[in-house]
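For reference, the structure is listed below as structure tokens.
Here is the structure:
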């Protein structure tokens, strides 16, 4: 797949998880922006207008649901697909994620390949 | 009833009618006979007159028979006779019956002799006196015909005379007499009637009084006295009646008194028996005994528990307080005698009749004279003595003693009951006390237990929370390890030599196992802590079965096992937590594939009586019967070594059982070692929150 230079915002407080996503996504040609808190995530989304956001749910201060709601509440950002990344899958997490406005959902532990497939589904190659 | 006894015609009426009948008959008879006699008299008188007139006339006619102007003289005589008002005709005739002279020529009513049918007999027997109805007279009434011969001096019959007297005046007189007689008779009847009425009334009145009296008595009214006015049989009867009524009154009064006593006794008995406490019962007994026998005082002595000694327990009446302290042994005084013999005693005058009593000064002190004392007997032994006392001598009799005996019998029963009741109540109180004590102890224990339970609950919640937190904290670095490993294996960081790849594969496998363990522990702790909520939604069972089968297909293929899903068409849409149900089915199918080395795994779904049944059968080693329950417990597997070998956590079935239970279903297993196993899940089709 050719590098599309598409930008993905990763909102994740865990250094290792950020790095794994960065390594994975840049290896296939995405440009990766990073934020470590929900607040930062919302700010970064507004400033950089990424093509997709991978939103960790368990974040300090403002959690992923809250951040998602804030982004989706802004008309100029509402179109950006957000994939929720939950720490562990329990019944109700997916529902809450979709309720908050997420467009996709993946539970940890995910295999990098699985995640990549989900990202590609929400981010078709630019025309 | 009384009306049916009313006579149709009263005695008085009948008597009146009888008397009246007699009077009327007598009157009629008198009038009839009187009139008849009178009529005869009148007629006889007329006949005498007629004969004498005829005889006189005959003599006159005979005197003038040889005179030259005899016919004129005869006629004069005849006319004189004829002038008499009653005479309707008068004439003389010769021996041959020829008319010599006739004094009746002018009589407008007389139209001659020739047709006279009696002329011939009169001539033949000239003394005849005949009465006949002469058709020649238009005037009413019969005619009395008197004929008389006349003779010459030689007593030779020369002829005769005939004089006709009218009977009209006689008949008129008789009619007048009849009228007078009838009037007299009527008067007689009237007077008789009045007399009859008076007599009958007078005769019948005592009888009517008797009737009235007996009616009243029959109706229950006994205070009747009928007036007795005569000394005849009716008077005697009335007197007897009055005496009978009086006797009845006395009897009834006696009966009523008796009933009154019985009722009073009964009521007292009821009242006494209604009492349950001993002392009020005793007080009531003496009170009622005193009023029942109209006595001045009453007292009740009872045998002291287990002693041969009686003590007053209750007294009633003015002055009776002095008796309250009395105690006696059998034989001592009046009560002692009754207690010894068990028989009631009546004393008419205590100081006289019981002079040896040790209680004599006391008895004198309260002025007691008459006594009745009766025993209270329970099962043949005297348990007490009931007294009534009067200050008047010889007041009490047999009846009083009987009444008091009945009362004493009831009292004995009531006292026994009251004692039993008090015993029972004391016992009940003791029991209650014990029960209350036990209850308090139990409540204390319960409180302690509750406290402990609360502490345990809190501890349990802390434990679950700790486990949840722990799992999360464990998983975060594990996720990083697994993530990096996969990136390395995907050669994101560059080519990986074969040896390293193999080792990294082991790292990945162990990491995944560790993750599964952590996930399962987390699930269990969530469920235990009650934090697992089902996310209910509609689902297709066929899809769930298919997903589970698809997930294990690669492994089954690798082990060369048959894998079959049997799901009928047209199963209804289920409602439940699809992801959790899939987790359960994945576990069962995964286990089946894992533990089976040869043969096949079969997943079947069907409807069983309004529920889904999903069964997973394998041809694996089977599970011994003793293990079949325990495999659903945490960390239990038939063979611990097989767990690691098959990559299970030992928690899957425990979680599955809990998830199915949360859905209101059941999970079970049928298996025989060497014959494979069949796990069945019975699930309500639609689970509503």
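Chains as they are written, first to last, in our numbering: chain Z, 1066 to 1192; chain P, 0 to 688. Every residue, glycine too, gets a C-beta built ideally from N, C-alpha and C.
Going by the beta-carbon positions, is the gap between residue i and residue j smaller than 8 Å?
i, j, result
"residue 292 (chain P)", "residue 222 (chain P)", "no"
"residue 539 (chain P)", "residue 619 (chain P)", "no"
"residue 599 (chain P)", "residue 561 (chain P)", "yes"
"residue 163 (chain P)", "residue 142 (chain P)", "yes"
"residue 80 (chain P)", "residue 89 (chain P)", "yes"
"residue 621 (chain P)", "residue 671 (chain P)", "yes"
"residue 280 (chain P)", "residue 271 (chain P)", "yes"
"residue 372 (chain P)", "residue 386 (chain P)", "yes"
"residue 667 (chain P)", "residue 679 (chain P)", "yes"
"residue 298 (chain P)", "residue 322 (chain P)", "yes"
"residue 613 (chain P)", "residue 544 (chain P)", "yes"
"residue 1116 (chain Z)", "residue 1129 (chain Z)", "no"
"residue 241 (chain P)", "residue 224 (chain P)", "yes"
"residue 464 (chain P)", "residue 528 (chain P)", "yes"
"residue 30 (chain P)", "residue 181 (chain P)", "yes"
"residue 1089 (chain Z)", "residue 1188 (chain Z)", "no"
"residue 300 (chain P)", "residue 288 (chain P)", "no"
Applying the 10 Å Cβ sphere with the 16-neighbour rule, what's the burial state of residue i?
i, result
"residue 451 (chain P)", "exposed"
"residue 691 (chain P)", "The requested residue 691 (chain P) does not occur in the structure, where chain P is confined to residues 0 to 688."
"residue 654 (chain P)", "buried"
"residue 461 (chain P)", "exposed"
"residue 51 (chain P)", "exposed"
"residue 457 (chain P)", "exposed"
"residue 593 (chain P)", "buried"
"residue 63 (chain P)", "buried"
"residue 607 (chain P)", "exposed"
"residue 483 (chain P)", "buried"
"residue 525 (chain P)", "buried"
"residue 382 (chain P)", "buried"
"residue 254 (chain P)", "exposed"
"residue 332 (chain P)", "buried"
For residue i, which residues of its own chain have a beta-carbon under 8 Å away from its beta-carbon, when the five flanking residues on both sides are left out?
i, result
"residue 477 (chain P)", "510, 513, 514 and 517"
"residue 481 (chain P)", "507, 510, 511 and 514"
"residue 350 (chain P)", "359, 362, 363 and 368"
"residue 588 (chain P)", "547, 548, 550, 551, 600, 602 and 615"
"residue 66 (chain P)", "72"
"residue 409 (chain P)", "264, 267, 268, 271 and 272"
"residue 449 (chain P)", "none"
Near residue i, which residues of its chain fall below 6 Å by C-beta distance, leaving aside the five closest residues on each side in sequence?
i, result
"residue 1101 (chain Z)", "1078"
"residue 19 (chain P)", "192 and 195"
"residue 1184 (chain Z)", "none"
"residue 658 (chain P)", "579 and 583"
"residue 643 (chain P)", "For residue 643 (chain P), the predicted structure reports a pLDDT of 47, less than 50, and the residue's modelled location is therefore unreliable. The matter cannot be settled from this model."
"residue 1162 (chain Z)", "1149 and 1170"
"residue 405 (chain P)", "264"
"residue 329 (chain P)", "335, 338 and 339"
Keeping to the same chain, check which residues put their C-beta closer than 7 Å to that of residue i; ignore five residues upstream and five downstream.
i, result
"residue 113 (chain P)", "In this predicted model, residue 113 (chain P) has a pLDDT of only 47, less than 50, meaning its place in the structure is not dependable enough to derive any value."
"residue 692 (chain P)", "This structure does not reach residue 692 (chain P), given that chain P is present from 0 up to 688, and the question cannot be answered."
"residue 595 (chain P)", "560, 617, 618 and 619"
"residue 247 (chain P)", "216 and 221"
"residue 420 (chain P)", "275"
"residue 10 (chain P)", "203 and 206"
"residue 1109 (chain Z)", "1074, 1098 and 1100"
"residue 85 (chain P)", "164, 165 and 168"
Runs of 3 residues minimum, wholly inside the segment 237 to 294 of chain P: which ones carry the beta strand (DSSP E) assignment? none
Within 9 Å of chain P by C-beta, residues of the segment 1169 to 1181 of chain Z in sequence order: 1173, 1174, 1175, 1176, 1177 and 1178
Give, in chain order, every residue of the segment 480 to 512 of chain P whose Cβ lies closer than 7 Å to some Cβ of chain Z. 481, 482, 483, 485, 486, 489 and 491
Listed from N- to C-terminal order along the chain, which residues in the segment 1084 to 1097 of chain Z have their beta-carbon within a distance smaller than 7 Å of any beta-carbon of chain P? 1085, 1088, 1089 and 1092
Complete beta strand (DSSP E) runs within the segment 391 to 421 of chain P (minimum length 3 residues, chain order): As for any beta strand (DSSP E) of minimum length 3 sitting wholly inside the segment 391 to 421 of chain P, there is none.
Quick one: complete alpha helix (DSSP H) runs, 4+ long, within the segment 1117 to 1167 of chain Z? Within the segment 1117 to 1167 of chain Z, the runs of alpha helix (DSSP H) at least 4 residues long that lie entirely inside it are, in chain order, 1129 to 1138 and 1158 to 1165.
For the segment 463 to 478 of chain P, which residues have a CB atom closer than 8 Å to at least one CB atom of chain Z, in sequence order? Taking 8 Å as the Cβ-Cβ cut-off, the segment 463 to 478 of chain P approaches chain Z at 470, 471, 474, 475, 476, 477 and 478, given in chain order.
Taking only runs that begin and end inside the segment 283 to 360 of chain P, name each unbroken alpha helix (DSSP H) of 4 or more residues, in chain order. 332 to 340 and 349 to 352
Can you give, in chain order, each stretch of the alpha helix (DSSP H) that sits fully within the segment 576 to 644 of chain P and has at least 4 residues? 577 to 594
Mind pulling the alpha helix (DSSP H) runs of 4 or more residues that sit fully within the segment 478 to 560 of chain P? Correct list: 497 to 527 and 540 to 558.
The segment 524 to 552 of chain P: which residues have C-beta closer than 8 Å to a C-beta of chain Z, in chain order? So the close ones are 525, 531, 532, 533 and 534.
Scan the segment 567 to 596 of chain P for residues whose Cβ lies nearer than 8 Å to a Cβ of chain Z and list them as they occur along the chain. From the segment 567 to 596 of chain P, only 576, 578 and 579 have a Cβ closer than 8 Å to chain Z.
Going along the chain, which residues of the segment 646 to 662 of chain P sit with their C-beta nearer than 8 Å to a C-beta in chain Z? Across the segment 646 to 662 of chain P, no CB contact with chain Z closer than 8 Å is found for any residue.
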